[in-house]
Amino acid sequence: MNTVASLGQQALAQQLRSGDLVIHCGAFRYRIQSQLDLIANGLRLMYADYPLAPADSFADFSLKMEPGAGLHRWWRPQVRFSTDGFYPFEPLPLGHAYPQLEWAMNWCVSTRAHHYLMLHAAVIERDGVAAVLPAPPGSGKSTLCAALVHRGWRLLSDEVALVSLQDGRISPAARPISLKNASIEIIRAFAPDAVFTPTTHGTTKGSVTHIRAPREHVARMLEPAQPRWVVVPRYMAKAPACLRPVGRAQTLMTLATNAFNYTLLGRVGFEALGRLVEGCECFEFSYSQLDDAIAVFDAIATGRAGEITGG
4 MNTVASLGQQ ALAQQLRSGD LVIHCGAFRY RIQSQLDLIA NGLRLMYADY PLAPADSFAD
64 FSLKMEPGAG LHRWWRPQVR FSTDGFYPFE PLPLGHAYPQ LEWAMNWCVS TRAHHYLMLH
124 AAVIERDGVA AVLPAPPGSG KSTLCAALVH RGWRLLSDEV ALVSLQDGRI SPAARPISLK
184 NASIEIIRAF APDAVFTPTT HGTTKGSVTH IRAPREHVAR MLEPAQPRWV VVPRYMAKAP
244 ACLRPVGRAQ TLMTLATNAF NYTLLGRVGF EALGRLVEGC ECFEFSYSQL DDAIAVFDAI
304 ATGRAGEITG G
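In this note's numbering, the protein residues as written are 4 to 314.
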């Protein structure tokens with residue numbers, strides 16, 4: 004099986020320029036076209052273990068990352084993202100090219116993959132069952148996800164839970180985990196063997212970087228998992244780890260608030276969300292120290308959550 008790593012630097016650059024690079028990432032295939040070295044270098048670092056589909060095969064999404072146009076390109080180089088000739092975003096500084104590619108891939112999924120119920124949530128798996136971590140930006144979701152992935156949990160997604168409308172299982176969309184600002188150094192210290200992109204400063208999200216998904220997780224990117232827990236995380240500075248049971252009605256409302264297409268799907272979305280919540284234990288979780296958080300999730304996975312919550 005050919006992977007991104009199997010391509011030499013020149014071959015990767017050539018396939019990118021011609022639009023022949025099709026990367027298979029779990030539930031989706033992405034055709035990526037670009038002449039930018041920042042894109043080629045980022046893909047080689049973050050997607051080394053991902054399989055390549057034939058150049059003439061179907062791709063769910065086609066993305067083009069190109070230099071900005073106009074006279075300003077001479078004194079303020081920019082990068083533009085387009086898909087099928089449509090430019091959904093304003094150009095960004097050229098140095099933001101790789102983060103913009105990841106954001107563009109997220110945008111393609113969240114606006115088009117309506118054959119799933121899509122929740123803005125991280126998803127991790129252990130022993131065949133999954134924990135869904137829904138949360139708005141700034142809640143510590145990605146930091147917690149990155150830590151758990153490097154302590155025995157499998158990454159299904161850092162960004163979107165893809166819930167089947169048929170059987171309720173969650174399909175992997177395992178791609179690099181995004182970190183920003185203070186969480187970057189926290190995870191560097193917590194997982195020193197993790198592979199990071201160079202940090203990009205001055206984005207709309209502050210300083211950002213991405214962490215490569217572990218190779219063994221990429222190898223299992225076609226294995227869905229049954230959701231068993233919904234854990235709504237929140238980082239609270241200097242606070243002890245606290246796990247609290249939450250009612251299913253409240254959890255359903257939280258998930259609906261953090262969904263990309265719940266309203267669009269109508270009754271089908273409501274029924275899918277209801278089945279998910281009905282089959283899960285539901286919690287709110289606040290934390291400040293990652294080691295404490297790992298211990299709590301180990302207790303959840305081994306059926307000892309009641310020892311922590313008093314239930």
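Even glycine gets a Cβ: it sits at the ideal position worked out from N, Cα and C.
- [ ] Out of Ser181, Glu274, Ala133 and Val152, state which residue places its alpha-carbon closest to the alpha-carbon of Ala218.
- [x] A small correction: the amino acid at residue 218 is Arg; Ala does not occupy that position in the sequence shown. The shortest C-alpha separation from Arg218 is found at Val152.
Task: Member of Leu267, Glu284 and Phe273 whose CA lies at the smallest distance from the CA of Gln229 - done: Glu284
Task: For Met4, the nearest candidate out of Arg34, Leu55, Leu19 and Leu15 (CA to CA) - done: Leu55
TODO: Report, in whole angstroms, the separation of the C-beta atoms of Met49 and His220, which I expect to be a contact under 8 Å.
DONE: Incorrect: roughly 13 Å between the Cβ atoms, too far for contact.
Task: Selection from Thr260, Ala275, Gly131 and Asn44 that minimises the alpha carbon distance to Gly155 - done: Gly131
TODO: Enumerate in chain order the residues of its own chain whose CB-to-CB distance from Ala242 is below 8 Å, with the five nearest sequence positions on each side excluded.
DONE: Ser289, Tyr290 and Ser291
Open item on the list: By DSSP's criteria, Phe64 is part of a beta bridge. Which residues make up the other side?
Closed with: Tyr33
- [ ] Would you kindly check if the distance between the Cβ of Ser60 and the Cβ of Asp87 is under 8 Å?
- [x] no
- [ ] Determine the DSSP secondary structure at Lys183, reduced to helix, strand or coil.
- [x] strand
Task: Pro179 classed as buried or exposed, judged by whether at least 16 other C-beta atoms fall within 10 angstroms - done: buried
Open item on the list: Considering only the alpha carbon of each residue, which of Ser186, Arg191, Asp52 and Gln13 lies closest to Tyr238?
Closed with: Ser186
Task: Three CB pairs or more closer than 8 Å across the stretch 88-101 and the stretch 130-149 - done: no
Task: Whole-angstrom distance between Ser113 and Leu24, CA atom to CA atom - done: 22 Å
Task: DSSP state of Glu310 mapped onto helix, strand, coil - done: helix
Open item on the list: At the level of alpha carbons, what is the spacing between Ala58 and Gln36?
Closed with: 12 Å
Open item on the list: Could you compute how far the alpha carbon of Thr6 sits from the alpha carbon of His118?
Closed with: 27 Å
Task: Alpha-carbon to alpha-carbon, Gln38 and Arg20 - done: 5 Å
- [ ] Mind checking which residues open and close the alpha helix (DSSP H) that includes Thr114?
- [x] Ala100 to Arg115
Open item on the list: Given this structure, state the Cα-to-Cα distance separating Ser181 from Val211, to the nearest angstrom.
Closed with: 7 Å
Task: Backbone secondary structure at Gly205 - three-state DSSP - done: strand
Task: Where Met108 falls, given that 16 or more other Cβ within 10 Å makes a residue buried - done: buried
Open item on the list: Am I right that Val280 and Thr254 are in contact with their C-beta atoms under 8 Å? What's the rounded C-beta distance?
Closed with: 5 Å
Open item on the list: I need the DSSP call for Val198, collapsed to helix, strand or coil.
Closed with: coil
Open item on the list: So, at 8 Å on beta carbons, what are the nonlocal neighbours of Tyr90 in its own chain, with the 5 sequence-adjacent residues on each side left out?
Closed with: Arg83 and Phe84
Open item on the list: For Arg278, tell me which candidate among Asn264, Pro201, Arg231 and Ala298 has the shortest Cα-Cα distance.
Closed with: Arg231
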